[in-house]
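Structure first, then comments.
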Amino acid sequence: MNKPANGAVLRHGALTAEELELARLIVSALNLEVQAEDIDPEAPLYGEGLGLDSIDILELALAVSRAYGIKLRSDDENNRKIFSSLRSLNRHIRQRR
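If you want it as structure tokens, here you go:
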């Protein structure tokens, strides 16, 4: 999927090295038209912000599972929080590794 870069994606906070690695995975896995370095780590992943939809989130969960060896379940009651931002997703991954 090709997502247009929009103003909400522009970085407002610095990415850590781990967040940049995850941002690169997201951009690559979803073929986004944005530079990983430009993703705001606090911007929402879903809807406004990065503009991902439910299919993108499923694809992202699969890519994360492959890359980091952790399971992200579609029925997890914490998914809204886990996928709320790149920083939140990165925190979840690091806690499960």
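For reference, each letter of the sequence shown is one residue, going -14 to 82 in the numbering used here.
Every residue, glycine too, gets a C-beta built ideally from N, C-alpha and C.
The model shown is predicted, which means the values in this text are computed figures rather than measured ones.
Sub-8 Å separation of arginine 82 and isoleucine 40 beta-carbons: Position 97 of the sequence shown, counted from the start, is the residue given in the question as residue 82. Position 55 of the sequence shown, counted from the start, is the residue given in the question as residue 40. No; because the gap between Cβ atoms is not below 8 Å, this pair is not in contact.
Could you check the C-alpha separation between leucine 35 and leucine 45 for me, to the nearest Å? Within the sequence shown, residue 35 is the residue found at index 50, counting from 1. Within the sequence shown, residue 45 is the residue found at index 60, counting from 1. Using only the alpha carbons, I get a separation of about 13 Å.
Quick check on leucine 0: does DSSP put it in helix, strand or coil? Position 15 of the sequence shown, counted from the first residue, corresponds to residue 0. It is coil, neither helix nor strand.
Strictly by DSSP, which residues pair up with tyrosine 31? The sequence position of residue 31 within the sequence shown is 46, counting from 1. Partner(s): Leu37.
Would leucine 57 pass as a contact of leucine 30 if the rule is Cβ separation under 8 Å? Translated into positions along the sequence shown, residue 57 becomes position 72. Translated into positions along the sequence shown, residue 30 becomes position 45. No, Cβ-Cβ distance for leucine 57 and leucine 30 is not below 8 Å.
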